[in-house]
């Protein structure tokens, strides 16, 4: 809403009094909770300009430039987004309430640039989700890398800067940051992709091909609405008519009902998603990983151990950059955060679990601020470790020369009879199998929290709420006699059978607290004894067990092996705790309901395709089911 001239004058009188009475000479430290003092600093110390920057194909991208008003030459920090750079306008009342990655950098003075990406909000052009790197527009090769290059070229020539540029972004803007460092502009010296999307067959909307409707439908029901031209407005949010996500998505099963009853073919990208159920060229073209080459700037990739949306992206972008660009400074930091939690929260707890300190403060003060200061202003000699990782369980930051750590030994935990999980394998002549029935009408819920979206807390949620279900298998170790630190990737090896032709598989790694475990300080009345904290979980659509490109049905009652890679961890199971693994075939409505009858396109399954199934998990000595973990040899 625009303010009147009188309101603007009153705003400035009040702002000036408050600002000059609260000036501080000390350097700003990070606080994720924005306040009035922050916004007053911005309006008193920055000028705002709005411009349309031309790209090489003639398309103009709408850009806001915030420049320190003291006449100095400063580095540029760029943020490109499909989520709007609002507020629009150049009046003081139209300024952002925050600038840049954190307020410490804002107070240290940079030129902060915000840009609507091609085809979104006030920028010209056509928007393409996860822009293919090899795309051709108007007869010219353009993509997010070239748009970034052209933007930097214009900014260097048209602002009073010191010749150095940085870039950052969280989630989708993290993807644009990762794309921006490919074939880097010479002025681009430092980039920080944070919770970046890398590949939508593994991030966000799919996990190993398993479809996540509660995230996908909610997001594209408004983000995917086509615009008629440049606009400052978001599309209206979809009215679910309920807060009960479990029932809503049951009523939207089969998924063909999404269009029939709700979307009515109004969301083009939803139609593309359901037309491409396999990892075909459509999805492969949207992976940024094959193109992360010729990166000539320092990189700081950021992720959260409990990011329900994008943990695959940070881990794989870091690894790919490391492999393809060995000469650059390439750092990975992962903390105990939910999606973007290092910016939106203090990072001292998530749900019921406490982490012992304000981890976001450490990240911003000791890692992010020095990173940009070093590479853009050269006013610090701070050298970051290769990998800076928060170890949950013991709640401490650890630094490594590489990730995964070099000093890992790989151990195997076997599924055994009577729900036992053990480092000792079954005997060679031992045969065993666990059986459960899976009913599409009553899928296993993924959370106890009422939800239409994905509640962040589910990533550390107490999993005991499903332990008594007869469609969830579990295996648990004896209490540990000493601390056990698990690091790096985890692989589940499942020997399975089904009496139908289709099945999904979910594996959860759980830390079972002892019964006398004390309450955490952030909620002293919460009983934590016997808490089943989820540490890592992952799913795979069973049809993709051998190939993501060429799915295949199960042969009823035939033994097959399903290998499932879980995302990395760094967690210490403390003495007295137990390790648990849960295995199930549904996880709703996080994951859509598998009809358990194989159909070529699962999005076109019909009511009659949904059948009950009997699933088997083998645990024989000759062909065991297990999880393989990396154990960190503690050198402390």
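Residue numbers (our numbering): 10 to 645. Using N, Cα and C, we set each Cβ at its ideal position, and we do this for glycine too.
- In this structure, residue 475 and residue 505 do not form a Cβ contact; the two beta carbons are roughly 19 Å apart against a cut-off of 8 Å.
- Under the three-state reduction of DSSP, residue 418 is assigned to strand.
- Taking a C-beta distance under 7 Å as the contact criterion, residue 209 and residue 110 do not qualify as a contact pair.
- A straight-line Cα-Cα distance of about 25 Å links residue 233 and residue 603.
- Exclusion of the five residues before and after residue 528 leaves 534, 535, 536, 537 as the residues of its chain whose Cβ lies within less than 8 Å of its Cβ.
- Contact check for residue 598 against residue 223 passes: the beta carbons are separated by less than 7 Å.
- Residue 505 has 569, 626 as its beta-bridge partners, per DSSP.
- It is roughly 32 Å from the alpha-carbon of residue 68 to the alpha-carbon of residue 352.
- With a beta-carbon spacing of about 6 Å, residue 170 and residue 120 fall inside the 8 Å limit used to define contacts.
- Excluding five sequence positions before and after residue 165, the CB atoms of its chain that fall closer than 6 Å to its own CB belong to 196, given in chain order.
- Counted as a single uninterrupted DSSP element, the stretch harbouring residue 262 is not any beta strand (DSSP E), since DSSP gives it neither H nor E.
- The region 376-427 is shown to contain whole beta strand (DSSP E) runs of 3 or more residues at 396-400, 405-409, 417-425, in chain order.
- Here the region 439-455 lies against the region 627-634, with 3 or more beta-carbon pairs under 8 Å apart.
- Restricting attention to 488, 236, 507, 116, the CA atom closest to the CA of residue 53 is found in 116.
- The beta carbon of residue 144 lies closer than 6 Å to those of 152 in the same chain, with the five residues before and after it left out.
- The beta carbon of residue 276 sits closer than 8 Å to those of 229, 230, 233, 234, all from its chain and outside the five residues before and after it, given in chain order.
- Listed in chain order, the non-local C-beta contacts of residue 93 below 6 Å within the same chain comprise 130, local neighbours out to five positions each way being set aside.
- Between residue 500 and residue 563, the C-beta spacing is not below 7 Å.
- Residue 589 sits in a strand when the DSSP states are folded into three classes.
- Take the alpha-carbon of residue 355 and the one of residue 294: they are about 37 Å apart.
- In this structure, DSSP gives residue 557 a state outside helix and strand, which the three-state scheme calls coil.
- Along the region 319-357, the beta strand (DSSP E) occurs as fully enclosed runs of 3 or more residues at 339-344, listed in sequence order.
- Taken atom to atom, the span from the alpha-carbon of residue 266 to that of residue 213 is near 22 Å.
- In this structure, 502 is the residue among 580, 600, 502, 634 with its C-alpha nearest to the C-alpha of residue 574.
- Take residue 219, set aside five residues on each side of it, and the residues of its chain with a beta-carbon closer than 7 Å to its own are 513, 548, 549, 550, 600, in chain order.
- 7 Å or more divides the Cβ of residue 580 from the Cβ of residue 473.
- Inter-residue distance for residue 595 and residue 450 is about 11 Å (C-alpha atoms, whole angstroms).
- Rounded to whole angstroms, the separation of the alpha carbons of residue 285 and residue 248 is 27 Å.
- With a cutoff of 7 Å on beta-carbon distance, residue 571 and residue 545 are scored as not near each other.
- For the region 61-105, the full-length beta strand (DSSP E) segments reaching 3 residues or more read 69-77, 83-90 along the chain.
- Residue 337 is positioned such that its CB atom lies no closer than 7 Å to that of residue 311.
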